[in-house]
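J.:
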Amino acid sequence: MTTNTLSLRLNGALCLGPDGLAQRDFGIADGLIECAADGRPVDLRGYWVLPAFVDVHGDGFERHLAPRRGAMKDLAQGLMSADAELASNGIATATLAQFYSWEGGMRSPAFALRFLETLRECRAQLLTDVLVQLRFETQMLEDYDAVAQLVADFAVPYLVLNDHIPHDALAKGKRPPRLTGQALKSGRSPDAHLELLKQMHGRSAEVAPALATFAEKLRSRGVRLGSHDDATADQRCWFHALGVEISEFPETREAAETAKLEGGKVILGAPNVVRGGSHSGNASAQDLIAAGLCDALASDYHYPALKQAVFRLVDEGVLPLQKAWELVSRGPAQLLGYADRGTLAQGQRADLVILDPTSRRIEATMTAGRFSYLAGGVAQRFLG
0 MTTNTLSLRL NGALCLGPDG LAQRDFGIAD GLIECAADGR PVDLRGYWVL
50 PAFVDVHGDG FERHLAPRRG AMKDLAQGLM SADAELASNG IATATLAQFY
100 SWEGGMRSPA FALRFLETLR ECRAQLLTDV LVQLRFETQM LEDYDAVAQL
150 VADFAVPYLV LNDHIPHDAL AKGKRPPRLT GQALKSGRSP DAHLELLKQM
200 HGRSAEVAPA LATFAEKLRS RGVRLGSHDD ATADQRCWFH ALGVEISEFP
250 ETREAAETAK LEGGKVILGA PNVVRGGSHS GNASAQDLIA AGLCDALASD
300 YHYPALKQAV FRLVDEGVLP LQKAWELVSR GPAQLLGYAD RGTLAQGQRA
350 DLVILDPTSR RIEATMTAGR FSYLAGGVAQ RFLG
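Using numbering that gives the first Met the number 0, you'd call the opening residue of the sequence shown number 0 and step up by one each time.
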């Protein structure tokens, strides 16, 4: 990320605080919100200024890295393109969720390494503050040491535990659904892919003790740990006992309730809110939010969903604007351990969005006092 910042005085806008929107003028200096700073004045009457989004899980960047299957020649250029999409959707801090999986293709161990290497090389050119969430398939018992080393080598701050093995079908001796497509993506024949799944399924009893050691090793290094798609209270309790305190996209209300009762954090998908329910029949994110069972919304597979979800919650009377916006700003910032962003308070990092309340279009995104996106009427006011 570059370090050039602006000295500005933003005047006339309605700004979002803990009590809602109110007219407030404030300055930006040295990349921070400085209430008394006296920089170049900009008239923002008619606009809203709100904290920029902190995205705790998004894999929408994948379409930029591989616009077509196999078209993965220049990952750096793909990351630059993803950076532009993140900024245009108001995201100042983005967590890129990268698989380390038996599934192959962009989810393979080889691609995970290539992705991490490319991100390290081009991170300084990105305008969005980018961090990595590594999504590790727990049945890959031979890879535990390799993943721990990868996390150390690339200072990965956040790891989520997945298990996408079709255990039910394999236990019944059935051919799993979508096997041929998965095999082709992984570069294996369908028979070889099925044999791999059978082998991993057959070693399921070894996962729990291996995972306990693995989780302890990563926690001792300060790595945040999450579980993905918790289905039951017992499953969430087991993860909590391992020190895995983040429950990402719990499938049921009981799993979400258990996570909160144990003092953990719950992440839900913004697309679930926008759709009005889960596409796979799981718990409704809107219902869980209404019950107070959500700490952060994530873009998941669609970056525009963060803003869309907030306004759906507001329009349907689920939450007032300031509470809905916290789920995409202050809440996720706290979950990731950031105390310097997520609000428009004095001394906070100048991460903000400027929004046209009539069209609800984000016309500017600022990250640490630098514009990563500037368009429309707001651009005219800054450049005129």
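Built from N, CA and C at the ideal position, the CB exists for glycine as well.
Please state the DSSP three-state secondary structure of residue 376.
T.: Helix.
J.: Using C-beta distances below 8 Å, list every residue in its chain close to residue 21, excluding the 5 sequence neighbours before and after it, in chain order.
T.: 13 and 14.
J.: Would you give the residue range spanned by the beta strand (DSSP E) that residue 161 belongs to?
T.: Its beta strand (DSSP E) spans residues 157–161.
J.: Going straight from the alpha carbon of residue 143 to that of residue 120, what length do you get?
T.: About 25 Å.
J.: Have a look at 9, 48, 326 and 54 and flag the residue whose alpha-carbon is nearest the alpha-carbon of residue 299.
T.: Nearest of 9, 48, 326 and 54 to residue 299, Cα basis: 54.
J.: Are residue 51 and residue 380 touching if we call contact CB-CB under 9 Å?
T.: Against a cut-off of 9 Å, the Cβ pair of residue 380 and residue 51 comes out as no contact.
J.: Taking its Cβ as the centre, do 16 or more other Cβ atoms sit within 10 Å of residue 72, making it buried, or is it exposed?
T.: Exposed, because fewer than 16 other Cβ atoms sit within 10 Å of the Cβ of residue 72.
J.: Identify whether residue 344 lies in helix, strand or coil by the three-state DSSP scheme.
T.: In this structure, residue 344 counts as coil in the three-state DSSP scheme.
J.: Which residues in the same chain as residue 352 place their Cβ atom closer than 6 Å to its Cβ, once the five residues preceding and following it in sequence are excluded?
T.: Result list for residue 352: 49, 51, 89, 361 and 364, in chain order.
J.: With three or more C-beta pairs closer than 8 Å as the rule, is the segment 30–50 touching the segment 277–296?
T.: They do not touch, by the three-pair rule.
J.: Which whole-angstrom value describes the C-beta separation of residue 96 and residue 62, a residue pair presumed to lie in contact below a C-beta threshold of 8 Å?
T.: The Cβ separation is near 13 Å, so there is no contact.
J.: Pair every Cβ in the segment 152–162 with every Cβ in the segment 217–230, then say whether three or more of these pairs are closer than 8 Å.
T.: Cβ pair count under 8 Å is three or more, so yes.
J.: Check whether the segment 180–194 and the segment 247–256 are in contact - that is, three or more C-beta pairs closer than 8 Å.
T.: The segment 180–194 is not in contact with the segment 247–256.
J.: Exposed or buried, residue 77, counting other C-beta atoms within 10 Å across all chains shown (16 or more means buried)?
T.: Buried, by the Cβ-count rule.
J.: Please list, in chain order, all residues of the same chain as residue 270 whose beta carbon is under 6 Å from its beta carbon, the five residues on each side excluded.
T.: For residue 270, where only same-chain residues beyond five positions count, the Cβ hits under 6 Å are 299, 301 and 304.
J.: Would you mind stating whether residue 343 and residue 16 have Cβ atoms separated by less than 9 Å?
T.: Contact: yes.
J.: State the start and end residues of the unbroken alpha helix (DSSP H) segment that holds residue 307.
T.: It spans 304–314 - the alpha helix (DSSP H) in which residue 307 sits, taken as one unbroken run.
J.: Which value, in whole angstroms, describes the spacing of the CA atoms of residue 257 and residue 209?
T.: Straight-line Cα distance between these residues: approximately 24 Å.
J.: For residue 86, which option in 228, 207 and 128 has the closest C-alpha, if you only look at C-alpha atoms?
T.: Checking every option, the nearest Cα to that of residue 86 belongs to 128.
J.: Any beta carbon from chain C within less than 9 Å of residue 338's own beta carbon?
T.: No chain C appears in the structure shown, which is made up of a single protein chain.
J.: Per the DSSP calculation, residue 8 is bridged to which residue(s)?
T.: 26 and 40, per the DSSP bridge assignment.
J.: Spatial neighbours of residue 272 within its chain, please: C-beta separation below 6 Å, excluding the five flanking residues on both sides.
T.: Cβ within range, chain order: 284, 285, 308 and 311.
J.: Using three-state DSSP, classify residue 176 as helix, strand or coil.
T.: Note: residue 176 maps to coil in three-state DSSP.
J.: Which whole-angstrom value is the C-beta distance of residue 29 and residue 10, which I expect to be below 8 Å?
T.: Contact doesn't hold; Cβ gap of about 19 Å is too wide.
J.: Looking only at its own chain, which residues have a Cβ that is under 8 Å from the Cβ of residue 38, when we skip the five neighbours before and after it?
T.: Correct list, in chain order: 5, 6, 7, 8, 26, 27 and 28.
J.: DSSP three-state call for residue 205: helix, strand or coil?
T.: The answer is helix: DSSP assigns residue 205 an H, G or I state.
J.: For residue 231, which of 211, 255, 242 and 92 has the nearest alpha-carbon?
T.: Ranking 211, 255, 242 and 92 by Cα distance to residue 231 puts 255 first.
J.: Quick test of the definition: if touching needs 3 or more C-beta pairs under 8 Å, does the segment 165–178 touch the segment 189–200?
T.: Yes: at least three Cβ pairs fall under 8 Å.
J.: Have a look at 132, 253 and 297 and flag the residue whose alpha-carbon is nearest the alpha-carbon of residue 323.
T.: Nearest option by C-alpha distance: 297.
J.: Straight-line CA distance for residue 80 to residue 59?
T.: When rounded, the distance between both Cα atoms is 11 Å.
J.: What span of residues does the beta strand (DSSP E) with residue 92 cover, start to end?
T.: Residues 90–99.
J.: Using a threshold of 9 Å, state whether the C-beta atoms of residue 138 and residue 200 are closer than that.
T.: Against a cut-off of 9 Å, the Cβ pair of residue 200 and residue 138 comes out as a contact.
J.: From the DSSP output, which residues share a beta bridge with residue 57?
T.: Looking at the DSSP assignment, residue 57 forms a beta bridge with 95 and 299.
J.: Thinking C-alpha only, which one of 377, 33, 292 and 373 is nearest residue 84?
T.: Among 377, 33, 292 and 373, the Cα nearest to that of residue 84 belongs to 373.
J.: My output table needs one value for residue 33: the three-state DSSP class, helix, strand or coil.
T.: Looking at residue 33 - three-state DSSP - the assignment turns out to be strand.
J.: CB residue 130 to CB residue 93, shorter than 9 Å?
T.: Result yes, Cβ atoms of residue 130 and residue 93 sit closer than 9 Å.
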